[in-house]
Amino acid sequence: MANKKRVLIVDDDPDIILSLKVLLESEGYKVYSFENGEECLKSLEDGINPTLIILDVMMPFMSGWELHRRLGENPKWKKIPVVFLTARTNETVEEMCTKYGVEYISKPFDVNSFKERIKKILFSKQKYAKKMCKCHVSF
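My numbering puts the first residue of the sequence shown at 3, with every later residue one more than the last.
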């Protein structure tokens, strides 16, 4: 159980959180979920150590971009791979998500494709951790 992959979800939509939580737990992952960036940061400060963060881009109070920037300020957190989740897709958003995260997933998403993409990232964490160290910048 100690090697169980831990996924942290940050999304302001409780339905998305519930759907992702059920889906990921059915795959055997330990899932933590938060509805805003402040709750996420507090959990990290309290010692939650996720293997992966799934982060909504558009949230009130603290956007996914701002939370990502704050993660990058902490040497321990900046190595955690981030998958951006977004309902807003255009060339600029796709470019930003790809550049600053390890992956981005558009809402709505195909469940099977989502599971496969997350599995690929979780089992290649070391590769993605190196990318994350290089991609934190100020927005």
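Each residue gets a CB set at the ideal place from its N, CA and C atoms; glycine is no exception.
Going by DSSP, residue 109 is part of no alpha helix (DSSP H) at all; its letter is neither H nor E. The three-state secondary structure of residue 113, taken from DSSP, is helix.
Here DSSP, grouped into helix, strand and coil, assigns residue 59 to coil. Annotated as proximal: residue 88 and residue 66, with beta-carbon spacing under 9 Å.
Ranked by how close their Cα comes to the Cα of residue 68, the residues 84, 33, 51, 9 have 84 in first place. The alpha-carbon separation between residue 25 and residue 126 amounts to approximately 20 Å.
Pairing residue 61 with residue 14 gives a Cβ-Cβ distance under 9 Å. A residue is called buried once 16 or more other Cβ atoms fall within 10 Å of its Cβ, and residue 7 is buried on that count.
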